[in-house]
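A.B. asks: Structure in structure tokens, see below.
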Amino acid sequence: MTRLFLIGLLTLSLASCGVARNIGNTVGVGQGASKRTTVEGNGTRFRARANVQSGDRRAVTITVTPVAADPDGAKEAGRYQATRYCLLTYGGSDTEWTIGPDQPIEELPVENDTLTLEGRCTQK
């Protein structure tokens, strides 16, 4: 009887691992949720998204909105999203920027209140 109980308990615990992983992806935890994030800073909520191309998944384009409310906060939300994507996908947080958050906001592409950053995850 005890053996049957332990086997049942083990089976349930293994089955629940998949359920927990799926629930985690919906609430923003785990690798499956790494492409979209809401970041709050200075009272502004930014929506940041990592877009990757199928040919080169290390190359990432980050879009952040709204920019007009706090341009510096939007740049940092973009940096955070790139760091999060690279860390969860490749295990390292470094990003080599081609269009990055360290540039002045005037030099960055902003269209329809959306900031676009481009970089590449450098972790091997």
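Numbering (mature numbering (1 follows the signal peptide of the UniProt record, and there is no 0)), first residue to last: -20 to -1, 1 to 104. For glycine and all other residues, C-beta sits at the position ideal for the given N, C-alpha and C. This structure is a prediction, so every number in the text was calculated from the model and none was measured.
If you check the beta carbons only, do Val40 and Ala30 fall under 7 angstroms apart?
C.D. replies: Translated into the one-based positions of the sequence shown, residue 40 becomes position 60. Translated into the one-based positions of the sequence shown, residue 30 becomes position 50. A contact, by the Cβ cut-off of 7 angstroms.
A.B. asks: Any C-beta of chain B sitting closer than 7 angstroms to the C-beta of Arg25?
C.D. replies: The chain inventory of the structure shown lacks chain B, comprising one protein chain alone.
A.B. asks: By the DSSP assignment, the beta strand (DSSP E) with Arg37 in it spans what residues?
C.D. replies: Taking the first residue of the sequence shown as 1, we reach residue 37 at position 57. Counting along the chain, Arg37 falls outside any beta strand (DSSP E), and DSSP gives it neither H nor E.
A.B. asks: Roughly how many angstroms separate the alpha carbons of Glu86 and Lys55, rounded to a whole number?
C.D. replies: The residue labelled residue 86 in the question sits at position 106 within the sequence shown. The residue labelled residue 55 in the question sits at position 75 within the sequence shown. Their Cα atoms are separated by approximately 12 angstroms.
A.B. asks: When you compare each of Leu68, Ser73, Leu95, Cys66 to Ile79 by their alpha carbons, which one comes out closest?
C.D. replies: Mapped onto the sequence shown, residue 79 falls at position 99. Looking at the Cα atoms, Leu95 is the closest of the given residues.
A.B. asks: Of the choices Gln33, Glu76, Val47, Pro89, whose alpha-carbon is the least far from that of Lys15?
C.D. replies: In the sequence shown, counting from the first residue as 1, residue 15 sits at position 35. When only C-alpha atoms are compared, the closest one is Gln33.
A.B. asks: For Ser73, I'd like the list of residues in its chain whose CB is within less than 7 angstroms of its CB, leaving aside the five on either flank, ordered along the chain.
C.D. replies: By one-based count along the sequence shown, residue 73 stands at place 93. Excluding positions up to five away in sequence, the list reads Thr63, Cys66, Leu67.
A.B. asks: Taking Thr17 as the reference, which of Arg37, Gly35, Arg38, Thr45 has the closest Cα?
C.D. replies: On the sequence shown, position 37 is the one that residue 17 refers to. Residue Thr45 is the option with its Cα nearest to Thr17.
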